[in-house]
Ligand code: CMC
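In the numbering used here, the protein residues as written are 15 to 438.
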């Protein structure tokens, strides 16, 4: 079989190399197409464009497969921990006991924030959206660690960046939350483990083991998702050799939108609106189907998963466990289950392969844990950080990486002469 494809355009025949990935995925390499023929490809929203080769995460949307570094998400959620998964994503292999202990120690070194960062956090109004707070504070870290401004991604920078950000981002989030409820921060205690430490910084007191484990699973499920909007943003910003804090801060901003990570907040708001409206979810399904209404069923649909989202399956079970453990009867869970049942039978959703995604049930768990609704997307940040960092590191280590600079098809005015203001 030839490793080249032939493209016939306007009487000209162009040969394009064919690339095959380790799971048999096939791509046409069009990187030299313009130089060969003057032609570019057009793909709004990069629906069908590979932006890089990557060895981090494999997903098959038709079969509902998600693997980090080859390990199925189901096995990682059941047997691993968030810190271990973060190590795996960043360092390519699961850690040995010694490597795992060292990684935990490195995170523990960043169990506090510079005074200046605490000062900045204190300046935000208590009503500020946590995503704005986390994004700007992560960006501000670059002002306190000037050694990161080196445009080379040196080994020192790479070794320090992940444990530092994992240690400090949870403090930024918890400290800001404490401020919003008018309470003093609680010191980080990394010996508790990542998720338990975060929960004790948020709420104080003893944290139930099963509750901390449920949060750990949520963080694992969110840890990476290959070239999505925020990961691509991290890579685009990183490709200019901007510092790692700037790249991650940009990723956080990209995640904020409700078509991406912001969906988890939007789902809960939608479920509450349905409850307030008397629980008639049929009405909301009709709204979502109405092309004259901008409303979409939040937590439904995915660019890549067209059968089911494997993360949603695991989350649904975790959701039942947490509510049972905390002895919570949340009517929103019944609404969510009812909505899912109706939507999955509805022709509109069936035809378009729209299924619940990772965000559909995660908000119900966060709510049960006592996390305020406007902080849900920041919880996604906590989980996704190792994935962004791994995408950034892979980019910076890739000899083929170039500054991201897409082309466009210009559809504006042709050349015309300037008209003086008095003649317009
Ligand atoms: N409710 C109603 N209709 C929908 C929905 C929805 N949630 N999602 C897609 N559609 C329809 C859409 O109107 C279009 O219909 P038609 O073919 O008649 O024009 C068709 O399905 C295809 O949609 P699309 O917008 O072309 O698909 P996309 O791949 O560009 O968008 C999506 C994917 C996730 C942005 C979209 O499904 C959506 O807006 N979902 C709701 C927001 C959400 O839950 N986002 C979280 C995604 S998972 C977390 C993450 O990784 O970010």
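C-beta atoms are modelled at their ideal positions from N, C-alpha and C, and glycine is treated no differently.
C-beta atoms of residue 352 and residue 313 nearer than 9 Å: no
First and last residue of the uninterrupted beta strand (DSSP E) at residue 71: 71-74
Exposure label - residue 210; buried when at least 16 CB within 10 Å: buried
DSSP state of residue 211 mapped onto helix, strand, coil: helix
Closest Cα partner of residue 126 within the set 188, 150, 240 and 76: 188
Beta carbon of residue 379 nearer than 9 Å to that of residue 213: no
Integer Cβ distance of residue 190 from residue 138, believed to fall under 8 Å: 7 Å
Cα-Cα separation between residue 98 and residue 221, rounded to whole angstroms: 21 Å
Counted within 10 angstroms of its Cβ, other Cβ atoms place residue 241 as buried (16 or more) or exposed: buried
Candidates 67, 199 and 236, of which the one nearest residue 218 by Cα: 199
For residue 29, the residue or residues it bridges with in DSSP: 20
4 or more residues per run - each alpha helix (DSSP H) lying fully within the stretch 340-376: 345-359 and 361-365
Validate contact between the stretch 165-183 and the stretch 111-126 using beta carbons, cut 8 Å, 3 pairs: yes
Residue 157: CB within 8 Å of a non-hydrogen atom of ligand 1: no
Simplified DSSP assignment, three categories, for residue 171: helix
Inter-residue spacing [alpha-carbon to alpha-carbon] between residue 34 and residue 398: 28 Å
Residue 425 - containing beta strand (DSSP E), residue span: Residue 425 -> no beta strand (DSSP E), and no H or E assigned at all.
Nearest to residue 49 (by Cα), restricted to the options 41, 30, 70 and 226: 30
Distance cut-off 8 Å: residue 272 Cβ against heavy atoms of ligand 1: yes
Distance between residue 67 and residue 37 (C-alpha atoms, nearest Å): 12 Å
Run of the beta strand (DSSP E) containing residue 81, from where it starts to where it stops: 79-82
Any non-hydrogen atom of ligand 1 closer than 8 Å to residue 330 Cβ: no
Beta-carbon proximity check, residue 265 vs residue 247, cutoff 9 Å: yes
First through last residue of the beta strand (DSSP E) which encompasses residue 42: 40-42
Closer than 8 Å: residue 73 CB and nearest ligand 1 heavy atom: no
CA-to-CA distance, residue 39 to residue 20, given in whole angstroms: 18 Å
Reduced DSSP category for residue 314 - H, G, I as helix; E, B as strand; rest coil: strand
The stretch 327-334 touching the stretch 276-290, judged by at least three CB pairs closer than 8 Å: no
Assigned exposure category for residue 250 - 16 Cβ within 10 Å defines buried: buried
Closer than 8 Å: residue 362 CB and nearest ligand 1 heavy atom: yes
Own chain, CB closer than 6 Å to residue 71, minus 5 neighbours either side, in chain order: 82, 238 and 240
Residue 5, DSSP secondary structure in three states: This structure leaves residue 5 out entirely; the chain is present only between 15 and 438.
Distance cut-off 8 Å: residue 305 Cβ against heavy atoms of ligand 1: yes
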